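K.L.:
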Amino acid sequence: MANFFLSYTKADKTWAEWIAWELEAEGYTTVIQAWDFRPGSNFVLDMQRAAAGAERTIAVLSPDFLTSEFTQPEWAAAFAKDPTGAKKTLLPVRVRKCELTGLLPQIVFIDLVG
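Note that numbering that gives the first Met the number 0 has the sequence shown beginning at 0, numbered continuously upward.
Printed below as a string of structure tokens:
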């Protein structure tokens, strides 16, 4: 089981890789699409396995993330595992200025903007 699954969009790949690199340098394990998903594999099943198999999900927040159809189920699954936030299953990291809506504003996030 990986320590962290990184949920991000293509536009934020550099940020996601940097976060994963920093975590792995500290001895944590990560699952990140750019490094761990192989050509020919089923993208949706890979995402499901990664999200279900990680202790925590890091949501790399940006305007692109918030409008992506694929990232919404990823962070929602992490939220559903721990709706009170007691286990810190969902860890949002804001990498670009964006307006959080719905359930996301209630979750304390790490802010890398400005």
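Glycine included, every Cβ here is placed at the ideal spot set by N, Cα and C. Computed from a predicted model, the values in this text were never measured in an experiment.
Closest to Asp63 by CA distance: which of Tyr27, Ala49, Ile106 and Glu98 is it?
P.N.:
Against the sequence shown, residue 63 aligns to sequence position 64. In terms of CA proximity to Asp63, Glu98 leads the group Tyr27, Ala49, Ile106 and Glu98.
K.L.:
Determine the direct distance from the alpha carbon of Ala1 to that of Gln105, and round the result to whole angstroms.
P.N.:
Looking up residue 105 in the sequence shown gives position 106. Looking up residue 1 in the sequence shown gives position 2. Roughly 26 Å separates the two Cα atoms.
K.L.:
Whose CA, out of Ser40, Gly101, Val107 and Phe69, lies closest to the CA of Lys87?
P.N.:
On the sequence shown, position 88 is the one that residue 87 refers to. Closest option to Lys87, Cα to Cα, is Val107.
K.L.:
Whole angstroms are fine: how far does the CA of Thr83 sit from the CA of Ala33?
P.N.:
Mapped onto the sequence shown, residue 33 falls at position 34. Mapped onto the sequence shown, residue 83 falls at position 84. C-alpha separation (whole angstroms): 30 Å.
K.L.:
Kindly list the residues whose CB is nearer than 6 Å to the CB of Phe4, restricted to its own chain and excluding five residues on each side of it in sequence; keep chain order.
P.N.:
One-based indexing of the sequence shown puts residue 4 at position 5. Cβ neighbours of Phe4 within its own chain (closer than 6 Å, five residues either side excluded): Val30, Ala49, Ala50, Ala53 and Thr56.
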